[in-house]
Every structure is written in structure tokens, then in C-alpha cells.
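Undergrad:
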Amino acid sequence: MGAAESVPETSIHEFTVKDCNGKEVNLETYKGKVLLVVNVASKCGFTETNYTQLTELYQKYRDKDFEILAFPCNQFLRQEPGTPEQIKDFACTRFKAEYPVFQKVRVNGPDAAPVYKFLKASKPGLFGSRIKWNFTKFLVDKNGKVIDRYATSTAPMSIEKDIQKALEE
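Numbering of the sequence shown is given in full-length UniProt numbering, commencing with residue 1 and proceeding in unit increments.
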């Protein structure tokens, strides 16, 4: 059980990440929006349910200041082996994902993406800050603060009430 990492950033909006085409994206772009940040994988047993329900949530709330940020990760049994193009094609073609899919990242360890170090430090899990599996979800408020963290087994649609509440604030 690793201790939560200390990070100087206080908001997700302070980070820059790369989209699936390698272009830098300043997350300040999402200021004023409620975010659901998810580490995704295309070859996981949770893929079908999560991608289907993430797309459903996005269709329902995208016009209400809600955004999903998908970060592919190959750290869990190498269940996201594809290239950025393959990953984007999988998400967008098979699951009609219209939300941003970023470049593959590491979510654990010393070389974890800085944005994930921030998310984990903001909301450690039940047994420490380490992400246990694919499709761990972080709900972030309009000011870039982490509201909650949800385990892999939490279906995206079961978070809907929390999303609605965050959108009302």
C-alpha cells in the first residue's frame, strides 16, 4: 500500500496532456466543466460495459458542461496493446465514443502520468492511492477538484446521480 504522493498542483486544469494524435492539450480547456476521467483498455472484461455506458452518459450530458477524458493504459495485463490510431478507432468505431481519447499513459509507479499522480493524491482508494485495474473513474468538479473516485466494478451509469449533482453546483 503506497502512500499518497504529494503533488504541488491543486487543480486538474494545471496539467497538459497529449491527445491520441500527439498534440498537447491544456486541461484548462475544460475549466467550468464536470469531468469523468477514466483509464481505459480495449481488451478487458470490463470494456464492453464501461465504453457502452460512458458513451451513453456522454450523449446525455455533453451539452450540459460534462466531459469524459479517456486515458488508455497498458499496465494491467497489457490489455491496451494498440497504437494510438488503433485505440481511437476501437473507441470511436465500436463504441461511438465522441469524447476525447488521449495518448496511452501509465497510472501507477514512478513514471505515472502527472495528471494521474494528482488524481490519486486527491482521492486515494480504499487500500491506498494505487489504481487497481482498468476503468477506475475520477469525478472532477468544474473547478478542477476531485469529487470522488470509483472502482472498476462501478458501472458508469451508477455514477449518474453524482454527475447530476456536480453539474448543479
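We put the CB at the ideal spot given by N, CA and C, even for glycine.
Excluding the 5 residues preceding and the 5 following ASP65 in the sequence, name in chain order all residues of the same chain whose CB lies nearer than 8 Å to its CB.
TA: GLY32, LYS33, VAL34, LYS142 and LEU167
Undergrad: With a threshold of 16 other CB atoms inside 10 Å of the CB of GLY22, please say whether the residue is buried or exposed.
TA: exposed
Undergrad: Work out the CA separation of LEU57 and ILE159 for me, nearest whole Å.
TA: 9 Å
Undergrad: Does the separation of the CB atoms of residue 174 and ILE68 fall below 9 Å?
TA: Because residue 174 is not part of the residues shown, which for the chain are 1 to 169, the question remains open.
Undergrad: Give me the Cβ distance between ASP19 and PHE102, rounded to the nearest whole Å; I'm assuming they're in contact under 8 Å.
TA: 6 Å
Undergrad: By the three-class DSSP mapping on this structure, what secondary structure does TYR99 have?
TA: coil
Undergrad: Using 10 angstroms around the beta-carbon of TYR51, count the other beta-carbons present and answer buried if the total reaches 16, otherwise exposed.
TA: buried
Undergrad: Can you check which of these residues, PHE118, ARG130, VAL40 and ALA70, is closest to LYS145 by C-alpha distance?
TA: PHE118
Undergrad: Look at the alpha carbon of ILE131 and the alpha carbon of PRO110, and state the distance between them as a whole number of angstroms.
TA: 13 Å
Undergrad: Taking the CB atoms as reference points, tell me whether ALA112 and ASN74 lie closer together than 9 Å.
TA: no
Undergrad: Between ASP148 and LYS123, how many whole angstroms is the CB-CB distance? I'm expecting something under 8 Å.
TA: 6 Å
Undergrad: Tell me the DSSP secondary structure of PHE138 in three-state form.
TA: strand
Undergrad: Name the DSSP beta bridge partners of LYS18, please?
TA: GLU24
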